[in-house]
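Student: Once you know that position 9 of the sequence shown is 8 in numbering that gives the first Met the number 0, the rest is easy, because the numbers rise by one and skip nothing.
Ideal Cβ placement from N, Cα and C applies to all residues, glycine included.
Here you go, one structure.
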Amino acid sequence: MSTADKARDLQALHAAPELLRVVNVWDAITAKVVSEIPGTKALATASHGIAASRGYEDGENIPRDEMIAEVGLIARQTSLPVSADLEGGYGDPGGTIARAIGVGIVGANLEDQMKPLAESVRAVEAAVAAAQAEGVDFVLNARTDAFVKAGDRDPAEVLKDAIERGRAYLDAGASNFFVPGKLDEAQWTELVGALGERKVNMIGIPGSISQEAAQRIGLARISFGPWSQNTALTALAELAERAYDGGGLAEGVRKLN
């Protein structure tokens, strides 16, 4: 399947009535394992996970060349469409999206990092233009950090800010709007009401709404960001703890590589 075909498939998965469930991966073996699980329809990378596995702090500290090389390696492990977390675009959103498409990526998160709205809109426009130049119906998942960087702001004002940014990014050509944070059902309902069904994406974190609620409200996608890697690291830490206490492998461990 060509890159353009995978992009069309990923667009269709976001537009479908069923909530798209995407488990984030961070290297070749995690991509292989998740892609082979029945029910997997697409993969997404996590920038935090990729950076951490290479000794970098999250937040565009990993060099762009390393990130592009890794997401390309992940894309080569599967026939499924892959969306990459490309942070804020590494100072060159258009160029970063073009390079990602070149290694087989058909969707991406692009963070606004709460930069001024006009600057963030220009970044979305640059990313969209780059994908159009490549002839790919790229799934640009424009992310706002309005909630994760809210601090002690009034939640109603944060939500208003998120809606304003969501409208601007969708108008600039983004396919979807990603709002990480622990929002309640009322907040998600207001977001979807303002921006449209199958346009808003969420992250599954401790305390987030259920998938049933997300489906009912009309969200398009749930992903798990760094929590998939934390799940794996928890299992590793527990093995070490058992080993140091004189134990061994937990029951039910599967040999997956």
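Around the C-beta of residue 201, are 16 or more other C-beta atoms found within 10 angstroms, so that it is buried, or is it exposed?
Tutor: buried
Student: If I'm right that residue 107 touches residue 140 with Cβ under 8 Å, what's the distance once you round it to whole angstroms?
Tutor: 7 Å
Student: Assign residue 15 to one of three DSSP states: helix, strand, or coil.
Tutor: coil
Student: Can you look up residue 0 in the DSSP assignment and give me helix, strand or coil?
Tutor: coil
Student: Using a Cβ distance threshold of 8 Å, determine whether the segment 158-173 contacts the segment 38-45, with at least three qualifying pairs required.
Tutor: no
Student: Looking at the structure shown, is residue 79 part of a helix, part of a strand, or coil, going by DSSP?
Tutor: coil
Student: Go to residue 259, then tell me how far its alpha helix (DSSP H) extends in each direction, as first and last residue.
Tutor: Nothing in the structure corresponds to residue 259, since the chain is present only between 0 and 256.
Student: Is residue 110 helix, strand or coil by DSSP?
Tutor: Here residue 110 sits in strand by DSSP.
Student: I'd like to know if the segment 213-220 and the segment 190-205 are in contact, where contact means that at least 3 CB-CB pairs between them fall below 8 Å.
Tutor: Cβ pair count under 8 Å is three or more, so yes.
Student: If we count Cβ pairs, one from each stretch, closer than 8 Å, do we get three or more for the segment 76-85 versus the segment 1-17?
Tutor: yes
Student: Using beta-carbon positions only, say whether residue 70 and residue 104 come within less than 8 Å of one another.
Tutor: In contact: residue 70 and residue 104 (Cβ atoms closer than 8 Å).
Student: Output the boundary residues of the alpha helix (DSSP H) element that contains residue 43.
Tutor: Taken as a continuous stretch (DSSP letters only), residue 43 belongs to no alpha helix (DSSP H), being part of the beta strand (DSSP E) at 42-44.
Student: Count the other CB atoms within 10 Å of the CB of residue 152; is the residue buried (16 or more) or exposed (fewer)?
Tutor: exposed
Student: How would you call residue 111, buried or exposed, if buried means at least 16 neighbouring beta carbons within 10 angstroms?
Tutor: buried
Student: Where does residue 222 sit, in a helix, a strand or coil, going by DSSP?
Tutor: strand
Student: Could you spell out the range, first to last residue, of the alpha helix (DSSP H) harbouring residue 99?
Tutor: 92-101
Student: How is residue 142 classed by DSSP in three states: helix, strand or coil?
Tutor: Looking at residue 142 - three-state DSSP - the assignment turns out to be strand.
Student: I need the DSSP call for residue 252, collapsed to helix, strand or coil.
Tutor: coil
Student: May I ask you to list the residues that DSSP assigns as paired with residue 202?
Tutor: 222
Student: Relative to the alpha-carbon of residue 12, which residue among 138, 76 and 100 has its alpha-carbon at the smallest distance?
Tutor: Nearest option by C-alpha distance: 138.
Student: Please go through the same chain and pick out, in chain order, the residues whose beta-carbon is closer than 8 Å to the beta-carbon of residue 56, but skip the five residues on each side of it.
Tutor: 50
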